[in-house]
């Protein structure tokens, strides 16, 4: 999968989220020096700092540091880096829920489509930030403790759940829609209109396969 294909896929996914009425604000991808994200100068390290989550979220919103801002305030980031040979060397795929999602019982008139928010407005729901990272640098890799590809939940510094390989934009966005906006998932699949193919080689180690991990079938 080439850098240009990534660009096209992210653009298409952004358009689909708009068509579904799920994205309230969006920025289409751009490419500079083999780095694929959106235009602007951002402090990406803000998400890793030991400060209140609301402050982290506020900075990203003020900087417009996201591909899509969803109707409930959650933001999606899809960042990919490539080398001069057009090989993927890094990705950072994030879902940051809004810490300000208004209570449905008190502000129901603001939610025009009840079914859209049915998964997010249960009283027992605690939204959790999600980040999928991939780093091909062997010097940063540590077997089990810092896998090449891993999932981090809730901003926990040492939470690195091994993944079998890097993720495509489709794989990440469909994961978010399927699990957190499920009432729209069938429409999402209809609009995408293609069979998903996993394009990456496996990078998980035997030791990582022997602990709880996430696996994608290679096609």
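Numbering (the working numbering), first residue to last: 5 to 223.
Beta carbons are placed, not taken as given, at the ideal position from N, Cα and C, and that holds for glycine.
Note that the structure is predicted; figures quoted are calculated from it, not measured.
- Take the alpha-carbon of residue 194 and the one of residue 74: they are about 20 Å apart.
- Cβ contact annotation for residue 219 (same chain, cutoff 7 Å, sequence separation greater than five): 168, in chain order.
- Look at the region 152-198 and you find these whole runs of alpha helix (DSSP H), each 4 residues long or longer: 173-184 and 189-196.
- 8 Å or more divides the Cβ of residue 78 from the Cβ of residue 103.
- Exclusion of the five residues before and after residue 69 leaves 46 as the residues of its chain whose Cβ lies within less than 6 Å of its Cβ.
- Separation of the CB atoms of residue 20 and residue 33 is rounded to 14 Å, and the pair is thereby denied contact status at 8 Å.
- Using a Cβ distance threshold of 8 Å, residue 72 and residue 43 do not count as a contacting pair.
- Look at the region 37-63 and you find these whole runs of beta strand (DSSP E), each 3 residues long or longer: 39-41.
- In the DSSP assignment, residue 24 falls outside any beta strand (DSSP E), carrying neither H nor E.
- If you draw a straight line from the Cα of residue 183 to the Cα of residue 140, it comes to about 28 Å.
- The shortest CA-to-CA distance from residue 98 to any of 12, 185, 177 and 192 is the one to 177.
- Check the Cα spacing between residue 92 and each of 6, 187, 197 and 12: the tightest is with 6.
- With 16 or more other Cβ atoms inside 10 Å of its own Cβ, residue 82 counts as buried.
- About 6 Å separates the Cβ atoms of residue 152 and residue 145, confirming a contact at the 8 Å cut-off.
- Nearest neighbour of residue 11 by Cα position, chosen from 25, 36 and 23, turns out to be 36.
- Rounded to the nearest whole angstrom, the C-alpha separation of residue 24 and residue 131 is 22 Å.
- Straight-line measurement puts the Cα of residue 166 at about 11 Å from the Cα of residue 210.
- Between residue 50 and residue 63 the beta-carbon gap is near 5 Å, inside 8 Å, which marks them as a contact.
- Under a 10 Å Cβ-count criterion, residue 142 is classified as exposed, with fewer than 16 other Cβ atoms of the shown protein chains found around its own Cβ.
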